[in-house]
Each structure stands twice: as C-alpha cells, then as structure tokens.
Amino acid sequence: MSSVLDRPSAAAAGPRPAPPRRRTRILALPEARWALAALVLFLAALPLHLLDTPAWLWGPLFAAVYVTGGWEPGWEGLKALKEKTLDVDLLMVVAALGAAAIDQVLDGALLIVIFATSGALEAVATARTADSVRGLLDLAPETATRLADDGTEETVPADSLAVGDVVLVRPGERIGADGRVLDGTGDVDQATITGEPLPVAKQPGDEVFAGTLNGSGALRVKVERDPPESVIARIVEMVEEAAETKAPTQLFIEKVEQRYSLGMVAATLLVFVIPLLMGSDPRSTLLRAMTFMIVASPCAVVLATMPPLLSAMANAGRHGVLVKSAVVMERLGQVDAVALDKTGTLTEGTPHLTDLRPLDGSGLDEDGLLRLAVAAEHFSEHPLARAVVDAARARDLDPPTASDFSSAPGTGVTATVDGRAVTVGSPARLLDNPAHPAAVLAAALEGEGRTAVVVTLDGRPAGVLGIADRLRPEAATATRALAELTGRAPVLVTGDNPRAAARLAAEVGITDVRAGLLPQDKVDAVHELRNGGAKVLVVGDGVNDAPALAAAHTGIAMGRAGSDLALETADAVVVRDELATIPTVVSLSRRARSLVIQNLVVAGAFIAVLAVWDLAGTLPLPLGVAGHEGSTVLVGLNGLRLLADGAWRRAHPDVR
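Using my numbering, the letters of the sequence shown map in sequence onto residues 154 to 809.
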C-alpha cells in the first residue's frame, strides 16, 4: 500500500542539478572518423567519374577512399588470417581490390564506403550502450549525510559508506546506499529499481535502495550493503556481463560464409593452376579463372539476405519500430517466448482515477466527492494527487478554493474547503475501525489491485477513491497476437505488487505472473525460459528492465518513457509505445526470412549454372558478368518488396 499524498514541490526541495550525461561523441571513435573520410572522398570523386573527366582527377580520390575506408578492416582481416581464420573484413577488401583490378573502380569504392559505414555504426552502438551503463551510476548521489553516534552530521562520499553506517535522507534527496529505515516516514520513488508506478510509503523496518528518490519526510537509514554490492551497482554489472557473455550473433548466410569463401578461393586457384599444368594458354586460363571467380562470388548470395532484412527494417521504422540491425531483424522472427514488463509497457505508466465511491450518509455524489478531493489535493505534487486533479479536469469540475493546506508524510494532505476540514490520505492512517464501511470499501479496492485513498470531511469518512495505472488500449490484442505467433502465452515479469500484477494479467489473458521482482530476478526468469530451450523476447522500458533486455534472445524497449539504459540495451525500440506493432514486426521478420530463403535458391541456381557453363564450356566474360549482375539485381528487387506499406498490413496478425 503506497498512499502518502504529499510531495515537496521543486521549489521547496530546492533546485537539483541534472546528472551529467556521459555521452561519447561520434567523431571521437576512430571507426567513425575513417568512415566519414571515405564517404567525403567518395562523394568528391563520384561526379568526376560520372562526367568522364580524366582519370588523373578522380583516380587519386578513389585510391584515397580505398585507403581511408579499407586499411582498418584490411588490417583486422590480416590479423585474423594470422590466426588461420578467413575474416569477412579481409574478403570485402580483397573483393574491392579485385573490382578495381578489372576496372570496376567505382563499384569497389562503393563497397569500401558501405563496409566502413557499417563498422562505424556498430562502433557507435557499442559506445552508446557503454555510455548508458556508465550513466546509470549517476543515479546514485555522490555524497551522503552520515550521522555519528552523538547525532552530529557529516557529509561524506557515498561510495565511502560501509555496512552499519547511519545516514540522513532529507525530502527531495536520493538515497545513498541500500539499507533499512530506522526512523521517519516518507514516500520513496523506487521506479528505477522495481518499476512500481507510484511512490512507496516507507516507515521503520522497510528496505530502501541506493539511487531511489525520497519524496517527503526525513528518513534515518542504516546501511546494509556496501556501495559495490547495492542493487543499482548490480544492475550495471548484470548489463555488462550480459553484453560480454551473450553469444555473438550472425546472419544466416554468415554461418556458411567461411566454408563458402574458402571453397571459392580454392576453386578459383584450381581453375587457374590445373589448365596451366596441362599446357593451356596462360591468358585464356587467367580469363577463365577470373570469369569463374566473378560468377562464383557470393554477391548475389549476400544480397539475398540483406535487402529483405533491410527493407523490413525500413518498413518497421516508418511504422514506429526502430530495429537496430539486420541481425536483430532476423532474430525477431525466431522468438518463441515473450516476457512482458507491466508498468510503462502493458500500462501507460501513470496513475489514473478509476473509482469514485461516496459513502451513504455523506450527502455527496461522485462529483461532489471529487470536488472536495481535488480542492485539497490542488497544491500537492504527488502522482496520486495529479491523478485526482486530472480526473476533475476531465469532468470540467470547478473545485472550490482551499486554504490552510498542510501535508504529513505517511498520512496525507489536509485543507480547509468551504469552512470544513478535508483530509485525503491513506486508509491505514485515517481509519481506525476495520469494520467501518470506508475501510471495507478500501480493502475491496486494494484487493482488486488499486490504490485506495480515503476522503474525510470534518474527521468523518466521506468516500473512497480508487487509483490505478491504466492498461494500454491495445494491450490485450497485442498479448493474444504474441501468443498466437509464439505458440505460448507471454509471461508477466514485474517489480510491482502481486495484487496489481494479477489484476492486470487477468485483463490481458496472462496466466504466468511473476511479481515483486528485482532486476536480478527478472534476469533469472529469462534464464529459466532460455534454459528450457526458448528464444525469449523481452519487452520493457525501465532501468530495472535493462539486465533482462540484455540477457534475452531479443529485447524491445518502449520509446516514449523508456530510460536511456533500456533504450540503448534493447535491440529494437517502439518509438510511439504502440504495443500492436510488436507482434507485427515479429511477423514481418518471419516474412523477411521467407524471402531470404527464396533469394538463396535463386542465387544458388544462377551460380551453379554459370559456374558449370564456365567449367564445361566457354562462358564469355561479359555474359558471365551480366548473369552474375542480373541475379544480383533480381534477388535485390525481390527483397525490396517488403518496403511497401502493404507488406506491413499483411504482416499484421489477424487476432480475433
């Protein structure tokens, strides 16, 4: 039960400087600088080449493109070759140099620019994730007020606190360490840790976490964990561990890339060497080997994979889902289990007034009860108070003027309205008799997962308000669609209380509910599903969801209210928080995979026919190039079909 209705205003609490945002500048990354240089040089050379100017004008520029964009992946490829691995970096550079060797300088330079840009984007994504993990540490305050045995106060660095220390947390301050309340009451916003949408009332004996915000009332807290062992520090550690231990992912075609590339290189050498040993003309033998290398090169095979996935990514982006890479787009279609967060994911993440229950004999109707409540709550900035004010505004109620406003941590607010004393607050603090109709009504609302708030008039209960986080309109439909796509109902994983979680799960048709979870518990739930053989999709929005997003097969973050860490850790972001787009993008990924398979069949057929023609007969080089490029264009156009809006509509699951 979290129901104190007072919170100090920003002015009362004093200005709090925003924590510094630790964000790596893009051009601070060497990969980004080299890619930018290659792109600028390419754009300078391109018009000169297309206008048929002398080669001495554009040749040096293209050469500079090869150097700036290709030296780093080439060097990495050579180092991999030293380890007896044929790296894709080296193959791409060799392919570009091979294109230049047969006067396809422009094509080779374009390949270099695309490859360098891809590497730069990957480096930026990695840096952004590291930035967000480091930025999470800014949630914990730098200093804390430690109390000595004689009661004197001392400001110390928060990371110097030790188990057994007692700290003072004033209203509006962040708690400096994990511990337990010794004295005082207050409402603590701990959404960063548990994801609960409302501040939680804390009193002696309750546990509190480092980095959470004390809204009202001073607290004396005994430290129970050293700073490196705090929950917020564990979140950082879990995200970093998941990033390091998560198996590297590859596109489908990359899984056979090593063997195919080695086989192609070996076959090209054999096509050149064997005829020479048998006395064939070196020039014609070289021409045949070069033709074989061209028709057997995996360009069409690579394009068989990328256009469908990139087209699906672009289509998803137009409809509000940002998928971070082609690998992610492929992985989305593989998921067969879903774990959903509650607050901010299935719900809107903000409290709304759901019930107005005036008591018999109070002389009030619903509007009258709401007018009294909003008059008293008007000066409070507590989230529950905002819900009451918003409800009155939606009904176009004009509340009376209140005076003598006061608030009491853990109890509620009091004001004088039309000469009568009005109190709005916690049933546990305002009602002494559990058999009173107001107490019975409050207990019934709490049993349904709502937060109950009592309104008293001149000390007598006048009515009860019910407040709850509101379910997104499309939540039930999206949940059913995900169940049909994966063959199993989603799992609800939340830090919220079991009653609220159970109520919401019943509304959307979820039976597997895991409530009251800390971040590490959510990770354990994901590991449990993965250990059972499932490829888990996790959908969340908060800092507390980030470790689970990192540990999942694929993670999706809700974009509007999502924390920086969740947005950077997730593999995809739903920009407009439209839950219905999640099953649609999963279905679109599966359609993209079907097109990839189609394209691979077409590309393989072209390669087989042209290669056999070259080996068994005499395939003219221009015809070989035309056949190779034709198959490349064909599979490319086939993959672009997913760019159309109709592809998104067809991917939308038909849920009845």
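The beta-carbon is built from N, C-alpha and C at its ideal position, and this holds for glycine as well.
As the structure is a prediction and not an experimental result, all values here were calculated from the model.
Nonlocal neighbours in the same chain, by C-beta distance under 7 Å from residue i, ignoring five residues either side
| i | result |
| --- | --- |
| P435 | L429 |
| P401 | At P401, the pLDDT of 46 sits below 50, so the modelled position is not reliable; the number obtained from the coordinates is stated separately. Closer than 7 Å at Cβ, skipping near neighbours: no residue. |
| L522 | L509, P511, V608, A615, G616 |
| R743 | G486 |
| E360 | R333 |
| A704 | A395, V676, V679, H680 |
| T507 | R603, G619, I620, A621 |
| G337 | G370, A371, L372, R373 |
| T308 | T296, T298 |
| L321 | T298, L300, E306, A371, R373 |
| A190 | T221 |
Helix, strand or coil at residue i according to DSSP, with G and I counted as helix
| i | result |
| --- | --- |
| T500 | strand |
| N684 | helix |
| G619 | strand |
| T604 | strand |
| I663 | coil |
| I328 | coil |
| S559 | strand |
| K135 | No statement about residue 135 is possible, as the shown extent of the chain runs from 154 to 809 and does not include it. |
| K232 | helix |
| R107 | Since the displayed the chain opens at 154 and closes at 809, residue 107 lies outside it and no answer follows. |
| N367 | strand |
| D312 | helix |
| D543 | helix |
| E306 | strand |
| V728 | coil |
| V488 | coil |
| D126 | In the structure displayed, the chain extends from 154 to 809; residue 126 sits before or after that span and is not available. |
| T707 | strand |
| E627 | coil |
| K355 | strand |
| L793 | helix |
| R746 | helix |
| A588 | coil |
| A574 | strand |
Residue burial classification, residue i (beta-carbon count within 10 angstroms, cutoff 16)
| i | result |
| --- | --- |
| A659 | exposed |
| G792 | buried |
| Y413 | exposed |
| V424 | buried |
| D611 | exposed |
| I709 | buried |
| G685 | exposed |
| R174 | For R174, the pLDDT reaches just 47, beneath the cut-off of 50, and the residue's location in the model is therefore unreliable, although a value from the coordinates is still provided. It is exposed - the Cβ of R174 has fewer than 16 other Cβ atoms within 10 Å. |
| S383 | buried |
| T737 | buried |
| R524 | buried |
| L645 | buried |
| L234 | exposed |
| G304 | exposed |
| P294 | buried |
| Q403 | Note that Q403 scores a pLDDT of 48, beneath 50, so its modelled location is shaky; the value from the coordinates is reported in the next line. Exposed is the call here. |
Cutoff 8 Å; reference residue i; Cβ partners in own chain excluding five residues on either side
| i | result |
| --- | --- |
| R713 | V728, R729, D730 |
| L796 | S464, A467, N468 |
| A642 | T632, A636, G662, I663, T664, D665 |
| H589 | P614 |
| R573 | L610, D611 |
| A591 | L512, P580, L584, V607, P614, G616, V617 |
Contact belief for residue i with residue j at Cβ below 8 Å, rounded distance in angstroms
| i | j | result |
| --- | --- | --- |
| V788 | V765 | With 8 Å as the limit, V788 and V765 do not qualify as a contact, their Cβ atoms being about 20 Å apart. |
| T639 | V491 | 6 Å |
| A695 | A725 | Going by the sequence as given, residue 695 is Gly instead of Ala. 16 Å between Cβ atoms; not a contact. |
| R484 | H805 | Not really, about 20 Å apart at Cβ, beyond 8 Å. |
| L214 | A197 | 5 Å |
| L462 | P380 | Contact doesn't hold; Cβ gap of about 43 Å is too wide. |
| A628 | D649 | Not quite, the Cβ-Cβ distance comes to about 15 Å (not below 8 Å), so this is no contact. |
| A526 | V541 | 5 Å |
Residues near residue i in its chain [Cβ-Cβ closer than 6 Å; skip 5 each side]
| i | result |
| --- | --- |
| L366 | R327, D342 |
| G227 | V246 |
| F532 | F558 |
| A253 | G261 |
The ligand NAP heavy atom lying under 7 Å from the CB of residue i
| i | result |
| --- | --- |
| V309 | Absent from the structure shown: the ligand NAP. Ligands present: none. |
Margin query: Three or more C-beta pairs under 8 Å: does that hold for the region 644-661 against the region 477-497?
Written below: Touching, per the Cβ criterion.
Next item on the list: Would you check if there are 3 or more beta carbon pairs closer than 8 Å linking the region 323-333 to the region 364-376?
Entry: Flag = yes, the region 323-333 and the region 364-376 touch.
Notebook entry, point to check: Is the number of C-beta pairs between the region 198-211 and the region 294-305 that are closer than 8 Å three or more?
Noted result: In this structure the region 198-211 does not touch the region 294-305; the number of beta carbon pairs closer than 8 Å is below three.
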